[in-house]
Every structure is written in structure tokens, then in C-alpha cells.
Amino acid sequence: MSPSNEPAANSGRFQPPDVRRRQILTAVAELLLETGHDALTISRVADRAGVAKGTVYLYFDSKQALISALQAEVWDRMLEKPAALLDDPSVGWAERLDALVAEWVHTELRHRQLYHVLFHELGGGAEPLGGARDLLVRLLRGGTEAGEFTVGDADLTADFLLHAYVGPCHHAVDPEASEERVRSGVQGLFRRVVGAADVRA
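For what it's worth, the working numbering labels the leading residue of the sequence shown as 849, then goes sequentially.
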């Protein structure tokens, strides 16, 4: 399953660049799950996306560029909502941390096979992982400065938390049924680590 939940298909010869790029990345996600990384080729991606091989090269200059773009997209989706909340003064810092956890857990549980291939088998890629870490460090520092968190070393704490949610997600037998329990448990863990009161209902 692709991050967008949309099957790769050729919906017309002439497409806006963002639509064409989406078709290509959806094809990459589908092929990774079906045949694995080693069998992935530009030609197969083009066939699945319903475009010419040269069209793929207009957007991505190599197989690795395709993988890196898909990795970055998954991380962007995981960070989009938390990033939007980061500068919203109407939302408390603990709630912002909860939102970050919710997005991470949802993405890993609902797209766990693709997530496993992209970030466990192939490696996460420095740029998207760095973006996640930067956001978390900003959040921890903001919460500490506001007096909601008690974090002595935001960088070290971010490194720990960035990986702490993976285990519960990995061991969830039924991802869809387990999401609420895993999300709540990881949110509680994060709050305890940063010294935030857990007053959730």
C-alpha cells in the first residue's frame, strides 16, 4: 500500500507534474511490497505507473532517488500535522507531543510493511530522519522553556524518543485494532520521559 492509498494508474497522457510524480511514487511503493527492492527497476516502475521510462528519469535520476523520495514523503506525512501545531500557542506542548506520537504510530501501524522496507531494510535516509529529529528537538526545547517539560538534554532525549515508539508498533499483532492502545501507551511514555503531567481522559 502506498502512503496515499491510491493505486498507480495512468489517468491520462498529460498530467500536472505533481500528479505524475505521485503516480510514479505510488508505483514504487506497490512494487517494493510485491517484489522487493532488488527487483525494482526504472522500467518496471514506468510500466506500473503507465508512463514512459524517460518520464521517470525526468523526475528521478536513479533507483536510489526513487527510494529516497518515497522515504522523504513518508516522513513528511508523519511530520505535517505536528509541524503545523508547533507554532500554535493555543495548543499546549504536551498536546503537540501527543500529536507527533499519533502521526508516527498511525503511519507505522497502517503502512507497516512499506515502513519496514523503507526504514528498517533499506535505512531511513539522513535527510528525512534529520527533519524528524529537528522537529522533536524544537518541541522539547519549546516545552521546557514554557515550563511544561523537564528535559535537561533535548538532543539526547530526542534521539531516545525518536526510536522508542518503534518496538510497540513492531510487536502489534493486529495493527488496526491495536492502534489506539499503542498510541495511548507511547504517548504516556513520552510524557513521562519529558516530565509532562499525563492528564488525558
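Positions of the beta carbon are idealized from the N, C-alpha and C atoms, including for glycine.
Worksheet item: Does the distance from the CB of Leu-970 to the CB of Leu-881 come in under 8 Å?
Response: Residue mapping note: residue 970 aligns to position 122 of the sequence shown, counting from 1. Residue mapping note: residue 881 aligns to position 33 of the sequence shown, counting from 1. It is not a contact, given that the beta carbons lie outside the stated cut-off.
Practice prompt. Verify whether the separation of the beta carbon atoms of Val-949 and Val-1014 is less than 8 Å.
Written response: Mapped onto the sequence shown, residue 949 falls at position 101. Mapped onto the sequence shown, residue 1014 falls at position 166. In terms of Cβ geometry, Val-949 and Val-1014 do not form a close pair [threshold 8 Å].
Worksheet entry | Nearest-angstrom Cα separation, counted from Asp-946 out to Ala-1045 | What you label residue 1045 is simply residue 197 of the sequence shown in a count that begins at 1. What you label residue 946 is simply residue 98 of the sequence shown in a count that begins at 1. Spanning the two alpha carbons is a distance of roughly 12 Å.
Discussion item. Taking 6 Å as the limit between beta carbons, can you name the residues of its chain near Leu-914, skipping five residues before and five after?
Written reply: As a working note, residue 914 is residue 66 in the sequence shown. Counting only Cβ-Cβ distances below 6 Å, and skipping sequence neighbours, we find Val-876 and Phe-908.
Worksheet item: Would Phe-1008 be called buried (16 or more neighbouring beta carbons within 10 Å of its own) or exposed?
Response: Residue numbering aside, residue 1008 sits at position 160 when the sequence shown is read from its first letter. Burial state of Phe-1008 is exposed, judged by a 10 Å Cβ sphere holding fewer than 16 other Cβ atoms.
Worksheet item: Which same chain residues, not among the five before or five after Leu-1010, have their C-beta less than 7 Å away from its C-beta?
Response: Taking the sequence shown and counting its residues from 1, one reaches residue 1010 at position 162. Answer for Leu-1010: Ala-980, Arg-981 and Leu-984, listed in chain order.
Fill in: Distance CB(Ala-1006)-CB(Leu-988) smaller than 8 Å
Within the sequence shown, numbered from 1, the residue matching residue 1006 stands at position 158. Within the sequence shown, numbered from 1, the residue matching residue 988 stands at position 140. Cβ atoms of Ala-1006 and Leu-988: closer than 8 Å.
Fill in: Beta-carbon proximity list for Arg-1031, same chain, < 8 Å, skipping 5 on both sides
On the sequence shown, residue 1031 is found 183 positions in, with the first residue counted as 1. Answer for Arg-1031: Val-949, Ala-950, Val-953 and His-954, listed in chain order.
Discussion item. For Asp-1001 and Ser-1026, what's the separation of their Cα atoms in angstroms?
Written reply: The residue labelled residue 1001 in the question sits at position 153 within the sequence shown. The residue labelled residue 1026 in the question sits at position 178 within the sequence shown. In a straight line, the C-alpha of Asp-1001 is about 32 Å away from that of Ser-1026.
Worksheet item: In three-state DSSP terms, what is Gln-871?
Response: For the purposes of this step, residue 871 is taken as residue 23 along the sequence shown, with counting starting at 1. In the three-state scheme derived from DSSP, where H, G and I count as helix and E and B as strand, Gln-871 is classed as helix.
Item to complete: Keeping to the same chain, check which residues put their C-beta closer than 8 Å to that of Ser-891; ignore five residues upstream and five downstream.
Response: Numbered from 1 along the sequence shown, position 43 holds the residue referred to as residue 891. Excluding positions up to five away in sequence, the list reads Lys-901.
Practice prompt. With a cut-off of 8 Å on the beta carbons, I'd call Phe-997 and Val-1042 a contact; round off their distance for me.
Written response: Counting from one through the sequence shown, the residue named residue 997 turns up at place 149. Counting from one through the sequence shown, the residue named residue 1042 turns up at place 194. 4 Å between Cβ atoms; contact.
Worksheet item: How big is the Cα-Cα spacing for Pro-864 and Arg-870?
Response: On the sequence shown, position 16 is the one that residue 864 refers to. On the sequence shown, position 22 is the one that residue 870 refers to. One C-alpha to the other measures close to 10 Å.
Worksheet item: Relative to the alpha-carbon of Leu-820, which residue among Ser-910, Leu-888 and Arg-986 has its alpha-carbon at the smallest distance?
Response: In the structure displayed, the chain extends from 849 to 1049; residue 820 sits before or after that span and is not available.
Worksheet item: Terminal residues of the continuous alpha helix (DSSP H) containing Gln-863?
Response: Counting from 1 along the sequence shown, the entry for residue 863 is found at position 15. Where Gln-863 is concerned, there is no enclosing alpha helix (DSSP H), given that its DSSP letter is neither H nor E.
Discussion item. How far does the alpha helix (DSSP H) with Thr-903 in it extend, from its first residue to its last?
Written reply: By one-based count along the sequence shown, residue 903 stands at place 55. For Thr-903, the enclosing alpha helix (DSSP H) covers residues 901-907.
Fill in: Whole-angstrom C-beta distance between Arg-925 and Thr-903, which should lie under 8 Å
Within the sequence shown, the letter at position 55 stands for residue 903. Within the sequence shown, the letter at position 77 stands for residue 925. Between Thr-903 and Arg-925 the beta-carbon gap is near 24 Å, outside 8 Å, which marks them as no contact.
Discussion item. To test your reading of the DSSP string, which unbroken alpha helix (DSSP H) runs of 4 or more residues are found completely within the segment 959-1013?
Written reply: The qualifying runs are 960-963, 974-993 and 1002-1012.
Discussion item. According to DSSP, simplified to helix, strand and coil, what is Pro-937?
Written reply: In the sequence shown, the residue the question calls residue 937 occupies position 89. Here DSSP, grouped into helix, strand and coil, assigns Pro-937 to coil.
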